[in-house]
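Accompanying notes for the structure given below.
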Amino acid sequence: MSKLDQLLQEVRATLGADFVSTDIVGMDGISIAGGSVSPDFDASEASARFAMVVKLAANVSNKIGMGRVVENLTTTDHAFIIARFLGDNSYYWGVAVTREATLGMVRMVMNEYAEQIWDAIPR
Amino acid sequence: MALQGDLRHLSLVNLIQINCTEQNRACLRLRSQTQDGAIYFEAGEIVHAVLGTQTGEEAVYELLTWQDGEFALEMDEPAPDHTVFTPWSNLLLDGVRRMDEGDAVWSELVESEPEPVEEAEEMAEKLDAVLKQLAGEVSGFVATAVIGMDGLGIAQYQVVKGVDVDNINAQMTLLLKLVDTTVGKLGAGVLEDHLLTTERAYLLMRFLPGKEYYLGIAADIQKASLGNMRLVSKLYAERIAKAMPR
């Protein structure tokens with residue numbers, strides 16, 4: 001198991017029953033590591049679609065003078081979906097959890113692991 | 001080989017967003033039962049469009065009204081001409097606004113009941129009062145607005161001068177639309193809100209009931225509390241919805 005997979009497993013274990021899916025995605029929309037609790041979850045479609053969202057978010061933030069984008073948090077009636085830029089913004093880390101999750105804790109766990117995950121991406 | 005599909009499954013707005021965001025050099029050919037059109041992309045913008053005898057921005061606006069038809073995307077096809085000079089995000093917003101205005105004209109013809117001026121003024125006063133009150137409850141407050149899905153604000157309040165609220169409204173609406181489409185396509189439920197965290201600010205967008213409008217709040221990231229913003233947005237979304245006429 002790669003260091004990246006190992007870190008994602010740790011995150012998954014920390015989030016427990018609230019975990020839905022996670023992926024490390026390049027700005028080309030292709031996931032390089034990840035996992036989901038549902039075998040039906042289409043990680044490649046989710047990765048590609050959210051890559052478009054984070055790209056547009058970066059573009060929008062630049063146009064309105066708000067600086068570099070750190071994170072996108074999407075709330076639906078089913079889930080919290082967090083897409084956070086990593087390192088030099090060439091990758092983003094997506095995490096989906098149920099609405100029962102403690103949002104503050106999920107963000108704290110992502111803060112804690114973001115740098116380690118960036119370091120573990122092969123370059 | 002060209003990417004092909006049906007506009008009922010992937011709308012022209014989404015196709016334009018994808019090609020511009022991806023900075024594709026490509027030609028998007030469109031075909032309805034009676035007409036053929038094409039849109040050319042280069043370096044993150046629309047550079048040329050043609051529909052029958054129409055070219056440029058007007059061709060794009062006309063194509064945006066198509067609800068169904070077929071498309072084929074040819075990559076690396078250079079534009080034969082340069083007829084479009086408006087940024088793609090403005091084109092989409094103008095296109096959507098024109099469609100809404102078309103609907104409004106049609107509704108007026110059908111209903112022919114004038115909107116009472118007094119009611120509109122009263123609504124504006126109510127909204128302004130609610131937004132000012134909201135500002136007092138958000139730590140690090142910068143600006144807030146009630147915005148239609150055409151990107152136009154119907155009420156706004158800001159404490160920092162020099163903020164181009166109209167530009168922010170338009171740009172944030174584009175983002176919210178893409179997020180809503182993404183959530184829908186992934187079957188991830190019904191979108192409630194979207195929070196963009198940048199190095200300077202929290203930008204929160206929460207749909208009002210009916211999803212024709214949303215509440216936008218911007219706050220200074222150094223002073224704001226994410227929990228406070230989300231709570232206040234939830235409480236005030238309901239109050240704002242009640243202050244708006246049906």
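Taken in sequence, the protein lines are chains L and E. Quick note: the first sequence, position 66, residue 66 per the working numbering, numbers continuous. Quick note: the second sequence, position 171, residue 171 per the working numbering, numbers continuous. Glycine residues also receive a C-beta, built at the ideal position from the N, C-alpha and C atoms.
- Message: Looking only at its chain, what residues have a beta carbon closer than 8 Å to the beta carbon of L321 (chain E), apart from the 5 residues adjacent to it on each side?
- Response: The displayed coordinates of chain E run from 1 to 246. Any statement about residue 321 (chain E) would go beyond what the structure contains.
- Message: Any beta carbon from chain L within less than 7 Å of T182 (chain E)'s own beta carbon?
- Response: At least one beta carbon of chain L lies nearer than 7 Å to the beta carbon of T182 (chain E).
- Message: Could you check whether the Cβ of I168 (chain E) sits closer than 7 Å to any Cβ belonging to chain L?
- Response: Answer yes: the Cβ-Cβ gap between I168 (chain E) and chain L drops below 7 Å somewhere.
- Task: Could you tell me which of E:D94, E:G56, E:N90 sits nearest to D81 (chain E), measuring between CA atoms?
- Result: The shortest C-alpha separation from D81 (chain E) is found at E:G56.
- Item | Check whether A83 (chain L) and A96 (chain L) have beta carbons under 7 Å apart | Judged by their CB atoms, A83 (chain L) and A96 (chain L) are not nearer to each other than the 7 Å cut-off.
- Would you check if the segment 85–101 of chain L and the segment 194–204 of chain E touch, i.e. whether three or more CB-CB distances between them fall below 8 Å? No, they do not touch.
- Euclidean distance between Cα positions of L73 (chain E) and V11 (chain L): In a straight line, the C-alpha of L73 (chain E) is about 40 Å away from that of V11 (chain L).
- How many whole angstroms separate the CB atoms of L92 (chain E) and I16 (chain E), which I take to be in contact at a CB cut-off of 8 Å? Sure, about 6 Å apart at Cβ, within 8 Å.
- Comparing the C-beta of V261 (chain E) with each C-beta of chain L, is any distance below 7 Å? No statement about residue 261 (chain E) is possible, as the shown extent of chain E runs from 1 to 246 and does not include it.
- Considering only C-alpha positions, which residue in the set L:G35, L:G94, L:D5 is nearest to M110 (chain L)? Per the C-alpha coordinates, the member of L:G35, L:G94, L:D5 positioned closest to M110 (chain L) is L:G94.
- Residue environment, L109 (chain E), which counts as buried when at least 16 other CB atoms sit within 10 Å: Here the model assigns L109 (chain E) a pLDDT of 43, short of 50, so the residue's position is not dependable and the matter cannot be decided.
- Message: Under 7 Å, CB to CB, which of the residues in the segment 129–156 of chain E have a partner in chain L?
- Response: Result list empty, no residue passes.
- Item | Min CB distance V179 (chain E) to chain L below 7 Å | Closer than 7 Å: yes.
- Query: On the three-state DSSP scale, how would you describe Q9 (chain L)?
  - Reply: Q9 (chain L): helix per DSSP, three-state reduction.
- Local Cβ density within 10 Å of A13 (chain L), reported as buried at 16 or more and exposed below that: Answer is exposed; the Cβ neighbour count stays below 16.
- Task: Out of E:D68, E:I46, E:N14, point me to the one whose CA is closest to D6 (chain E)'s CA.
- Result: It is E:D68.
- Item | Cα-Cα separation between L8 (chain L) and T22 (chain L), rounded to whole angstroms | Cα to Cα, the separation comes out at about 8 Å.
- Distance between R8 (chain E) and R256 (chain E) (C-alpha atoms, nearest Å): No statement about residue 256 (chain E) is possible, as the shown extent of chain E runs from 1 to 246 and does not include it.
- Query: How many angstroms separate the CA atom of G227 (chain E) from the CA atom of P87 (chain E)?
  - Reply: Approximately 36 Å between the Cα atoms of the pair.
- Query: Just reading off the beta strand (DSSP E) that D36 (chain E) is part of, what are its end residues?
  - Reply: Per DSSP, D36 (chain E) belongs to the beta strand (DSSP E) from 36–42.
- If L174 (chain E) and V60 (chain L) are in contact, beta carbons under 8 Å, what's the gap, nearest whole angstrom? Yes, they are in contact, since the Cβ atoms of L174 (chain E) and V60 (chain L) sit about 7 Å apart, within 8 Å.
- Query: Beta-carbon of E100 (chain L) versus every beta-carbon of chain E: anything under 7 Å?
  - Reply: So, not an interface residue.
- Among all the DSSP beta bridges, which residues are the ones paired with C27 (chain E)? Note: C27 (chain E) sits in a beta bridge opposite E:Y40, E:E74.
- Message: Let me confirm a value: Q171 (chain E) is counted as buried when at least 16 other C-beta atoms fall within 10 Å, else exposed. Which label applies?
- Response: Under the 10 Å beta carbon count, Q171 (chain E) is surrounded by 16 or more other beta carbons and is classified as buried.
- Task: Would you kindly report the start and end of the unbroken beta strand (DSSP E) that includes T22 (chain L)?
- Result: 19–26 is the extent of the beta strand (DSSP E) around T22 (chain L).
- Item | W106 (chain E) versus N24 (chain E): straight-line alpha-carbon distance, rounded | Per-residue confidence for W106 (chain E) stands at a pLDDT of 46, beneath the threshold of 50, marking its modelled position as unreliable; no derived number is given.
- Message: Rounding to the nearest angstrom, what Cα-Cα distance links P39 (chain L) and G148 (chain E) in this structure?
- Response: So the two alpha carbons sit approximately 38 Å from each other.
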